[in-house]
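S.K.:
2 protein chains.
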Amino acid sequence: MDDNKTLMEAFKQAPYPLGGHGKRNIQILKEAFREIDGSLPSDMYGKGEIIEDFQARMADVLGKEAAVFFPSGTMAQQIALRIWCDANGLPRVAYHPLCHLEIHEEDGLKKLHRIEPVLLADKHRLITLEDVMRLQEDISCLLLELPQREIGGQLPAYEELEAISAWCRDKGIKLHLDGARLFEILPYYRKSAAEICRLFDSVYISFYKGIGGIAGAILAGDEPFVQEAKVWKRRHGGDLISLYPYIVSSDYYFQQRIDKMDPYYRDAKQLAGLFNQCNGVATLPEVPVSNMFHVHFQLPKETVEPLLIGVYESTGIGFTSYLRDNDAAGCFFELSLGDAYADVPEDRMKLALRMLSDKLKESAMEKSTTS
Amino acid sequence: MDDNKTLMEAFKQAPYPLGGHGKRNIQILKEAFREIDGSLPSDMYGKGEIIEDFQARMADVLGKEAAVFFPSGTMAQQIALRIWCDANGLPRVAYHPLCHLEIHEEDGLKKLHRIEPVLLADKHRLITLEDVMRLQEDISCLLLELPQREIGGQLPAYEELEAISAWCRDKGIKLHLDGARLFEILPYYRKSAAEICRLFDSVYISFYKGIGGIAGAILAGDEPFVQEAKVWKRRHGGDLISLYPYIVSSDYYFQQRIDKMDPYYRDAKQLAGLFNQCNGVATLPEVPVSNMFHVHFQLPKETVEPLLIGVYESTGIGFTSYLRDNDAAGCFFELSLGDAYADVPEDRMKLALRMLSDKLKESAMEKSTTS
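Going line by line, the protein sequences match chains L and B. Heads up, the first sequence is in our numbering, so the first residue is 1 and it goes up one at a time. Heads up, the second sequence is in our numbering, so the first residue is 1001 and it goes up one at a time.
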């Protein structure tokens, strides 16, 4: 074992990563375009068959009047919130403390749109109806992320969602869905995308999570909302002369994977079960409600990292390329299951998990002896 | 002749368009990626060889410390102006009344960044040193567009540019270059890109004008400026997980066409000369200073449009897909010469211009008889 090898390097060299759809390389684009006729005209500033047809089909999938394709979800969601705030004349929204807009966007919502967020719930749990009802301040829009990614991809019960939606409608609060992983939760809810989206006034979906495209997003809602979103898209610099590299690949991988969300979900439940049998390991949620979950270790990053590298090198199985500290002096990583899992030899995977468990047990014992 | 055919339809059917690089279709992407190895890793949120290498090479071409790739120029330029305004603590800039930010971006600069623009010069002419010196209000940044696209692509003398640059430096005003068509003007100035950029604090260039890529832009400046631009790029929703579809194609067409700016410029001068021999036609500028110019007709759009359709159908030459009203009760269109011009048979083109000239003369006589 090379002592200087990083977890990232060891992971890249492992032939059997557990999560994802395989390597993110140029082949993703080449495959998506292989069968596309070169004479197909490019979209031009939001016009043209390529973009208009895809938008119409996605509006249909989501059960909304209209949809607009965006280069990124960051842009799509800030714009959705801005439109609802402007409509209501109040630049205030509410979302989870670990919302993408709060932790991954360099405060674009505040710096560009001057919208003030109210943080609901706490960062360890989901937003509940009670949180929403207890809100002290008026808000124009509530954003819900399904599943709540940063806490392992948890979901409220469908009835709770319905109750939050009804309460918001009653109070004149717009409800926006961060549905970056919307398709991934449909097997758990046993609902169609349109059935979920019916509870929301606006919806964003992503094409590079479970769908595995290159990049790109759709924002959907009623016709006036989408018309306004197109104006803001231009203001943000998102109305590129041509977005077809993302549209064609989003469409291709949507068709490839939309019917695989059931197996991804089943795989996630099976794999989480196996992780939970390891010493000092627990998944969040314990039983996944989508294709994703977090794997938490009781031991700290510095201890777990070399153990993982050893397991990857012995078995060829790659769990993760990184570890992050958790709040309990341990560490964790995220897994989202996709096409790659089907290529993982089951015997090797089970061997890898046994080795991991043994090594973790050994380290825990050493630790308790020395402390 | 089909009386219902629009100018756009007739132009699309004409086998020999005078301007551009050929049809904007999916083949543009397929050709750029044909020789690229599929195993090349994608860029990830601004990191990775594909994006970092291209940014470094473009910084070098522009003679700047650093550069960052953007999905669009709209995003890049708003951000440049925001950075300079924030640094100076004054949200005010100056630019030409027909600046891209003023007329094509749905007021993103005002609505997103709350920056107030002062309009310099008037819309029929270039900004001069005198305009800048006469400014009544303090500004943080002056934006110059070279060439000034909306007035046919005009350019100030290099000495005037130098004087404006020196004056701005002396007054602590940052000078930003809208260099969407920077490479197209180098043959006229007989300067390198770096020699022009030396006069500016920040520079934006585009990859789908003379370069003919799919979309994409570079913003360059000193290292702290570019670091800040990367933060704003994330805020705007421009820090896509992967931008390689635009980077690879920008790089490919940059290499294909960077050495063709001389012939494009020569072709533009030749073709403008031919247009100027037509009855009731004048180009702006009379002698082009880049690969672009505007073609103005004395007669109105309604009169010129059917004449053009007739010429396209008789000769196969396509001048333009649209006409816009000008301020003199006539109309005009824009031409930017690229690869397509080399495929135009000279005899047909000259025939087309003769026919156009004859038809325009006839129409002008009819008009004077009936009025």
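Virtual Cβ for every residue (Gly too), placed ideally from N, Cα, C.
Can you give me the C-alpha to C-alpha distance between Y189 (chain L) and L1112 (chain B), rounded to a whole angstrom?
M.R.: Position 189 of the first sequence, counted from the start, is the residue given in the question as residue 189 (chain L). Position 112 of the second sequence, counted from the start, is the residue given in the question as residue 1112 (chain B). Y189 (chain L) and L1112 (chain B): Cα-Cα distance of roughly 38 Å.
S.K.: Give me the chain B residues within the contact set of M8 (chain L), using Cβ-Cβ distance strictly less than 7 Å, ordered along the chain.
M.R.: Within the first sequence, numbered from 1, the residue matching residue 8 (chain L) stands at position 8. Per Cβ cutoff of 7 Å: no residues; M8 (chain L) is ~12 Å from chain B at best.
S.K.: Find the residues of chain B that neighbour D107 (chain L), judging by a C-beta separation of less than 9 Å, and give them in chain order.
M.R.: Translated into the one-based positions of the first sequence, residue 107 (chain L) becomes position 107. Neighbours of D107 (chain L) on chain B, chain order: R1235.
S.K.: Thinking R1092 (chain B) and E1065 (chain B) are a contact (beta carbons under 8 Å), I'd like their distance in whole angstroms, please.
M.R.: Against the second sequence, residue 1092 (chain B) aligns to sequence position 92. Against the second sequence, residue 1065 (chain B) aligns to sequence position 65. In fact, because the Cβ distance is near 26 Å, the residues do not count as touching under 8 Å.
S.K.: Across the segment 233-242 of chain L and the segment 93-105 of chain L, are there enough close Cβ pairs to call them in contact, namely three or more that are closer than 8 Å?
M.R.: Contact fails: fewer than three Cβ-Cβ distances are below 8 Å.
S.K.: Please report the residue range of the alpha helix (DSSP H) in which H100 (chain L) lies.
M.R.: Indexing the first sequence from 1 puts residue 100 (chain L) at position 100. Note, H100 (chain L): alpha helix (DSSP H), H100 to I103.
S.K.: Exposed or buried, what is S206 (chain L) when buried is set at 16 or more other beta-carbons lying within 10 Å of its beta-carbon?
M.R.: Along the first sequence, one-based indexing puts residue 206 (chain L) at 206. Buried.
S.K.: Please confirm whether S321 (chain L) has its beta-carbon closer than 9 Å to some beta-carbon of chain B.
M.R.: In the first sequence, the residue the question calls residue 321 (chain L) occupies position 321. It does not: the Cβ of S321 (chain L) has no partner Cβ on chain B nearer than 9 Å.
S.K.: Going along the segment 18-33 of chain L in order, which residues come within less than 9 Å of chain B, judged by CB to CB distance?
M.R.: Within the segment 18-33 of chain L, the residues whose Cβ lies closer than 9 Å to some Cβ of chain B are K23, R24, N25, I26, Q27, I28, L29, K30, E31 and F33, listed in chain order.
S.K.: Quick check on the DSSP output: the beta strand (DSSP E) that includes I1218 (chain B) runs from which residue to which?
M.R.: Reading the second sequence from its first residue, position 218 is the one you call residue 1218 (chain B). Element bounds for I1218 (chain B): A1217 to G1221.
S.K.: Between A342 (chain L) and P1187 (chain B), what straight-line distance do the alpha-carbon atoms span, to the nearest angstrom?
M.R.: By one-based count along the first sequence, residue 342 (chain L) stands at place 342. By one-based count along the second sequence, residue 1187 (chain B) stands at place 187. Each residue's Cα considered, the two are about 57 Å apart.
S.K.: For H1176 (chain B), would you say it is in contact with chain L, using Cβ-to-Cβ distances shorter than 9 Å as the test?
M.R.: Here residue 1176 (chain B) refers to the residue found at position 176 of the second sequence. Not an interface residue.
S.K.: Using a 10 Å radius around the Cβ and a threshold of 16 neighbouring Cβ atoms, would you call A991 (chain B) buried or exposed?
M.R.: With chain B covering 1001 to 1371 only, the question about residue 991 (chain B) has no answer from this structure.
S.K.: Taking H296 (chain L) as part of the beta strand (DSSP E), name the residues at either end of that continuous run.
M.R.: Here residue 296 (chain L) refers to the residue found at position 296 of the first sequence. H296 (chain L) -> beta strand (DSSP E) spans M292 to F297.
S.K.: What residue range does the beta strand (DSSP E) around H113 (chain L) cover?
M.R.: Locating residue 113 (chain L) in the first sequence gives position 113, counting from the first residue. Taken as a continuous stretch (DSSP letters only), H113 (chain L) belongs to no beta strand (DSSP E), being part of the alpha helix (DSSP H) at G108 to H113.
S.K.: Kindly indicate which three-state DSSP category M1 (chain L) falls into: helix, strand or coil?
M.R.: As a working mapping, residue 1 (chain L) is identified with position 1 in the first sequence. Any reading at M1 (chain L) must be qualified, since the residue scores a pLDDT of 47, below 50, and its modelled position is unreliable; the value itself is stated next. Correct three-state label for M1 (chain L): coil.
S.K.: Specify the secondary structure class of K174 (chain L) as computed by DSSP and reduced to three states.
M.R.: Within the first sequence, numbered from 1, the residue matching residue 174 (chain L) stands at position 174. Correct three-state label for K174 (chain L): strand.
S.K.: Is V68 (chain L) buried or exposed, if buried means 16 or more other CB atoms sit within 10 Å of its CB?
M.R.: The residue labelled residue 68 (chain L) in the question sits at position 68 within the first sequence. So V68 (chain L) counts as buried.
S.K.: Quick check: what's the CA-CA separation for L161 (chain L) versus A1215 (chain B)?
M.R.: Residue 161 (chain L) sits at position 161 when you count from the first residue of the first sequence. Residue 1215 (chain B) sits at position 215 when you count from the first residue of the second sequence. For L161 (chain L) and A1215 (chain B), the distance between alpha carbons rounds to 40 Å.
S.K.: DSSP three-state call for K1191 (chain B): helix, strand or coil?
M.R.: In the second sequence, counting from the first residue as 1, residue 1191 (chain B) sits at position 191. In the structure shown, K1191 (chain B) sits in coil (DSSP, three-state: anything other than H, G, I, E or B).
S.K.: For I28 (chain L) and D1037 (chain B), which I take to be in contact (beta-carbon distance under 8 Å), what is that distance rounded to the nearest angstrom?
M.R.: In the first sequence, the residue the question calls residue 28 (chain L) occupies position 28. In the second sequence, the residue the question calls residue 1037 (chain B) occupies position 37. Going by Cβ atoms, the distance from I28 (chain L) to D1037 (chain B) rounds to 13 Å, so no, they are not a contact pair.
S.K.: Could you check where the beta strand (DSSP E) with E1334 (chain B) kicks off and where it finishes?
M.R.: Along the second sequence, one-based indexing puts residue 1334 (chain B) at 334. Run containing E1334 (chain B): C1331 to S1336, per the beta strand (DSSP E) assignment.
S.K.: Please list, in chain order, all residues of the same chain as N1279 (chain B) whose beta carbon is under 6 Å from its beta carbon, the five residues on each side excluded.
M.R.: Counting from 1 along the second sequence, the entry for residue 1279 (chain B) is found at position 279. These residues qualify, in order along the chain: S1357, L1360 and K1361.
S.K.: Can you say whether A157 (chain L) is buried or exposed, counting buried as having 16 or more other CB atoms within 10 angstroms of its CB?
M.R.: What you label residue 157 (chain L) is simply residue 157 of the first sequence in a count that begins at 1. Exposed, because fewer than 16 other Cβ atoms sit within 10 Å of the Cβ of A157 (chain L).
S.K.: Residues bridged to N1025 (chain B) by DSSP?
M.R.: Counted from its first residue, the second sequence places residue 1025 (chain B) at position 25. In the DSSP output, where bridge partners are listed per residue, N1025 (chain B) has L:P41.
S.K.: Consult DSSP for G1069 (chain B) and reduce its assignment to one of helix, strand or coil.
M.R.: One-based indexing of the second sequence puts residue 1069 (chain B) at position 69. A small fix is needed here, since residue 1069 (chain B) is Phe in this sequence, not Gly. F1069 (chain B): strand per DSSP, three-state reduction.
S.K.: My understanding is that A340 (chain L) touches L18 (chain L), with C-beta atoms under 8 Å, so please give their C-beta distance in whole angstroms.
M.R.: Translated into positions along the first sequence, residue 340 (chain L) becomes position 340. Translated into positions along the first sequence, residue 18 (chain L) becomes position 18. Right, the Cβ-Cβ distance comes to about 7 Å (below 8 Å), so this counts as a contact.
S.K.: Closer than 7 Å, Cβ to any Cβ of chain B: which residues of the segment 53-74 of chain L, in chain order?
M.R.: The residues in question are P71, S72 and T74.
S.K.: Hey, T74 (chain L) and G46 (chain L): beta-carbon distance below 9 Å or not?
M.R.: The residue you call residue 74 (chain L) lines up with position 74 of the first sequence. The residue you call residue 46 (chain L) lines up with position 46 of the first sequence. No, the pair does not count as a contact, with Cβ atoms beyond the cut-off.
S.K.: Taking V289 (chain L) as the reference, give the member of L:Y246, L:I241 and L:R181 with the closest Cα.
M.R.: Stepping through the first sequence from its first residue, residue 289 (chain L) is reached at position 289. Here the closest residue by C-alpha is L:R181.
S.K.: Verify the CB distance criterion: does V248 (chain L) have a CB-CB separation below 9 Å to chain B?
M.R.: By 1-based counting over the first sequence, the position of residue 248 (chain L) is 248. Taking Cβ atoms only, chain B reaches closer than 9 Å to V248 (chain L), which makes this a yes.
S.K.: Within the chosen definition, does the segment 1250-1268 of chain B reach the segment 1299-1312 of chain B through at least 3 CB pairs nearer than 8 Å?
M.R.: These segments do not touch.
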